[in-house]
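Enquirer:
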Amino acid sequence: MNAIDDPVSTLTEVERARARTRASLNSVWYPLVLFGAASLGAAAVAALDVKWTGVYWLLAYGACFLAVRRYAVARASRIGVGELDSRGVRLWLAFPLVLIVAGTVAGTAGGVRGLVMANGVVVGAWYLLVARWAGSALMAVLGIAVILVTAVLAAVIDADNLIAVANLAIGAVLLAGGLYARGSDENP
Amino acid sequence: MSHPTTELDDVVHQRVRLGILAVLAEASRADFNFLRTTLSLTDGNLSRHLQVLEDAGCVEISKVFEGKRPRTWVKATKRGRAAFARELEALRALVDAHG
Chain A
1 MNAIDDPVST LTEVERARAR TRASLNSVWY PLVLFGAASL GAAAVAALDV KWTGVYWLLA
61 YGACFLAVRR YAVARASRIG VGELDSRGVR LWLAFPLVLI VAGTVAGTAG GVRGLVMANG
121 VVVGAWYLLV ARWAGSALMA VLGIAVILVT AVLAAVIDAD NLIAVANLAI GAVLLAGGLY
181 ARGSDENP
Chain B
1001 MSHPTTELDD VVHQRVRLGI LAVLAEASRA DFNFLRTTLS LTDGNLSRHL QVLEDAGCVE
1061 ISKVFEGKRP RTWVKATKRG RAAFARELEA LRALVDAHG
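Structure (structure tokens):
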């Protein structure tokens, strides 16, 4: 049977195959757990001396990227699809640049509260984009949760403790989300 | 203006082959088992359609050994991705024209 015989159902089948593939590719639990743990580590660093938090995040991000890449290769080999392609690598490299630029601009204008809020919005928006691409309700919930938690903390926590508390709260949210995703992933 | 059907590619507009390219549009590569399971095909059926796509230059097939296990990986070529995009466009135009 040719696609031309019933273009509407053909387009529906094509979209279904693409969605099934995206669902197989989409294993968010591992990066969520890693970044949740890294964020908890950042909270500890910020509590000790907040000026080292930026350096800590650069190192932690690089380590998380390498770990996720290694995991993606192993998982792709196991389930027979995907792998982090060059487009994915470019996105991973572009993300911290966006975060740094947004944090610097907002930090200059609004101090610590501006910096934390900008980072929360960038991370939350990124999760919402991933949610849209992967059709993941969990990532959408996490994206909104990150933005809301950051906004509430920026409003009520004093500036001296805000970075540590925000990292602690976001780390807990990501870790909980990652562990939940791990439990519902057919191919962890 | 030409009718949308003139834009359809004989190789790609067959449903199974379109399904294979749909999977490969999302993933950098997929193995034979993943394609077979995702598209609910038999080994023979999938092999036949992969051969047609490979002959047309739409996919690249590589057979490797991972440990002692043979494995067939398939990836879409630039030509295959372009043909898939054109096919979707033509199908959408067809739906719009008769919608």
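For the protein sequence lines, the chains are A and B, in the order given.
This note's numbering puts the first residue of the first sequence at 1, with every later residue one more than the last.
This note's numbering puts the first residue of the second sequence at 1001, with every later residue one more than the last.
Positions of the beta carbon are idealized from the N, C-alpha and C atoms, including for glycine.
Remember, it's a predicted structure, so these values are computed and weren't measured experimentally.
Which same chain residues, not among the five before or five after Y30/A, have their C-beta less than 6 angstroms away from its C-beta?
Expert: One-based indexing of the first sequence puts residue 30/A at position 30. Here the set comprises Y71.
Enquirer: So A1076/B is in the beta strand (DSSP E); what residue range does that whole segment cover?
Expert: Along the second sequence, one-based indexing puts residue 1076/B at 76. Counting along the chain, the beta strand (DSSP E) containing A1076/B begins and ends at R1069 to A1076.
Enquirer: In the DSSP assignment, the alpha helix (DSSP H) including V55/A goes from what residue to what residue?
Expert: Within the first sequence, numbered from 1, the residue matching residue 55/A stands at position 55. Its alpha helix (DSSP H) spans residues T53 to I79.
Enquirer: Please name the residue or residues paired with E1054/B in a DSSP beta bridge.
Expert: Taking the first residue of the second sequence as 1, we reach residue 1054/B at position 54. Looking at the DSSP assignment, E1054/B forms no beta bridge with any residue, so it has no partner.
Enquirer: At a CB distance below 9 angstroms, what residues from the stretch 59 to 86 of chain A approach chain B? Give them in sequence order.
Expert: Under the 9 angstroms Cβ criterion, the stretch 59 to 86 of chain A contributes A76, S77, I79, G80, V81, G82, E83, L84, D85 and S86.
Enquirer: Is there at least one Cβ from chain B nearer than 7 angstroms to V8/A's Cβ?
Expert: Taking the first residue of the first sequence as position 1, residue 8/A is located at position 8. Closer than 7 angstroms: yes.
Enquirer: Taking 7 angstroms as the CB-CB limit, is T1077/B close to chain A?
Expert: Translated into the one-based positions of the second sequence, residue 1077/B becomes position 77. No, no contact with chain A.
Enquirer: Suppose you measure from the CA of V98/A to the CA of V130/A; what does that come to, to the nearest Å?
Expert: Your numbering for residue 98/A matches position 98 in the first sequence. Your numbering for residue 130/A matches position 130 in the first sequence. V98/A and V130/A: Cα-Cα distance of roughly 16 angstroms.
Enquirer: Which residue comes first and which comes last in the alpha helix (DSSP H) that contains V1016/B?
Expert: Locating residue 1016/B in the second sequence gives position 16, where the first residue counts as 1. Note, V1016/B: alpha helix (DSSP H), R1015 to E1026.
Enquirer: Just checking my contact of E1026/B with R18/A at CB under 8 angstroms: how many whole Å lie between their CB atoms?
Expert: As a working mapping, residue 1026/B is identified with position 26 in the second sequence. As a working mapping, residue 18/A is identified with position 18 in the first sequence. Correct: roughly 5 angstroms between the Cβ atoms.
Enquirer: Under 7 angstroms Cβ-Cβ, which residues of chain A neighbour A1025/B?
Expert: Here residue 1025/B is taken as the residue at index 25 of the second sequence, counted from 1. By Cβ distance, chain A contributes R18.
Enquirer: For a quick check, are the C-beta atoms of V1074/B and V1052/B less than 7 angstroms apart?
Expert: On the second sequence, residue 1074/B is found 74 positions in, with the first residue counted as 1. On the second sequence, residue 1052/B is found 52 positions in, with the first residue counted as 1. No, the Cβ-Cβ distance between V1074/B and V1052/B is not below 7 angstroms.
Enquirer: At a CB-CB cut-off below 9 angstroms, which residues of chain A make contact with T1038/B?
Expert: Locating residue 1038/B in the second sequence gives position 38, counting from the first residue. The contacting residues are A17, R20, T21, S24 and V81.
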